[in-house]
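**Q** I have a structure I would like to understand better, so I am pasting it below and will then ask my questions one at a time.
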Amino acid sequence: MDTKTKYLGLELKSPIIVGSCGLTSDVDKMVQMEQAGAGAVVLKSVFEEQIIYDIKRNTHMVAPTDNYGDSYEYIAQHVADDSLEKHFAMIREAKRRLTIPVIGSINCFSYENWLTYAMKFQECGCDALELNMAILPYETSMSSDDVERTFSQIINTLRKSVSIPISIKVGTYFTDMAKQMQQLSWMGIQGVTMFNKSVQVDVDIESETLKNATYLSTPEDIYNTLRWVAILAKKMRCDISASTGVYTSDDVVKMLLSGATTVQVVSCLYKNGIDTLKELNSGLKAWMEKKGYDCISNFRGKLAVQPTDKASVAMRTQFMKYFAEII
């Protein structure tokens, strides 16, 4: 069974990709991932917030200019460069030791650093870039037009400045998901990853404080991604990488049938180990053999919603039909 596929213009031996996470900041672990059958790896994101934290920690200042005066900018830049260089050294080592594509990941909030970091990732040899652009519209002053404008400005700037393929990783906070994703795909990007696993919030009722909930996805999280992949696969002009809630080879098959080009896994590797990749690939091949498919292109998108289909189960949000059958 041939599980080769093309994603972001890159040749992959498998559609199963390891998504951006702490595991992909360790080159030895990435080597294990390749040996276990990963088609590509998305590196742990460089977060601009982490760089700023490093600057504050190393200068021991909340209001640094009060102590360092005019020299603060020089010191801050030195700390930032040092912090980034460790990450870029890891990328260069990964490129030396891996034969599968290495995809960089960046998450910024200041416009200029999107460009700065993207160019450095390209210089280090990354095969592609995934822009971690999940935006939580928590400001009442932020409109959907503001969000769209932010995406457009960053994408247009990076497309003009880097030559490697660009994909974007998005969250689910869109008032017009289908329209936004389609328009983004028209901007010349090569892929969209759906969806970013956002940090969940919980409440500690003893201390009466907010806290982070679990950061790992669960198998039940797959369904929202599955729905949107099926709805959008035939509407977009770029690849879709499906993420969140993928735990088994059956999940991989479902995403591919729905129209995903690749499938990203993270949480199942944390819970079950890197060798889970072997199980996912062997399960995919076994299903293909059982169904008589000799390559992925023979069934990818078979269940994607056609543009003229107005009655697909993927677009239903109510349960009237099913409740009626139960009752």
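Residue numbers (our numbering): 223 to 549. Even glycine gets a Cβ: it sits at the ideal position worked out from N, Cα and C.
1. For A400, which residues in the same chain have their Cβ closer than 6 Å to its Cβ, ignoring the five residues on either side in sequence?
2. I want to know whether the region 451 to 469 touches the region 507 to 518 - three or more CB-CB distances under 8 Å.
3. How many Å lie between D472 and S363 at the Cα?
4. Can you check whether the CB of K476 is closer than 8 Å to the CB of L448?
5. Do T436 and Q486 count as a contact pair if the criterion is CB distance below 8 Å?
6. Considering only the beta carbon of each residue, do M223 and K507 sit closer than 8 Å?
7. Would you mind reading off the limits of the alpha helix (DSSP H) that contains L502?
8. Specify the secondary structure class of I238 as computed by DSSP and reduced to three states.
9. Between the Cα of L265 and the Cα atoms of D349, A258, K226 and G231, which residue gives the shortest distance?
10. By DSSP's criteria, I328 is part of a beta bridge. Which residues make up the other side?
11. Whole angstroms is fine: what's the gap from F373's alpha carbon to L406's?
12. Provide the residue span of the alpha helix (DSSP H) that contains I465, from first to last.
13. Quick one: residues in its chain with C-beta nearer than 6 Å to the C-beta of S236, no 5 flanking neighbours on either side, listed in chain order?
14. With DSSP as the reference, please indicate the residues paired to N434 in a beta bridge.
15. Give me the Cβ distance between V527 and A482, rounded to the nearest whole Å; I'm assuming they're in contact under 8 Å.
16. Quick one: Cα of A316 to Cα of E501, how far?
17. Answer yes or no: do K433 and D426 have a C-beta to C-beta separation smaller than 8 Å?
**A** So, from the data block:
1. none
2. no
3. 43 Å
4. yes
5. no
6. yes
7. T498 to K513 is the extent of the alpha helix (DSSP H) around L502.
8. Secondary structure of I238 (DSSP, three-state): strand.
9. D349
10. V268 and L353, per the DSSP bridge assignment.
11. Their Cα atoms are separated by approximately 8 Å.
12. Looking at the sequence shown, residue 465 is not Ile but Ser. Where S465 is concerned, there is no enclosing alpha helix (DSSP H), given that its DSSP letter is neither H nor E.
13. T225, G259, G261 and N503
14. V423
15. In fact, because the Cβ distance is near 13 Å, the residues do not count as touching under 8 Å.
16. 24 Å
17. yes
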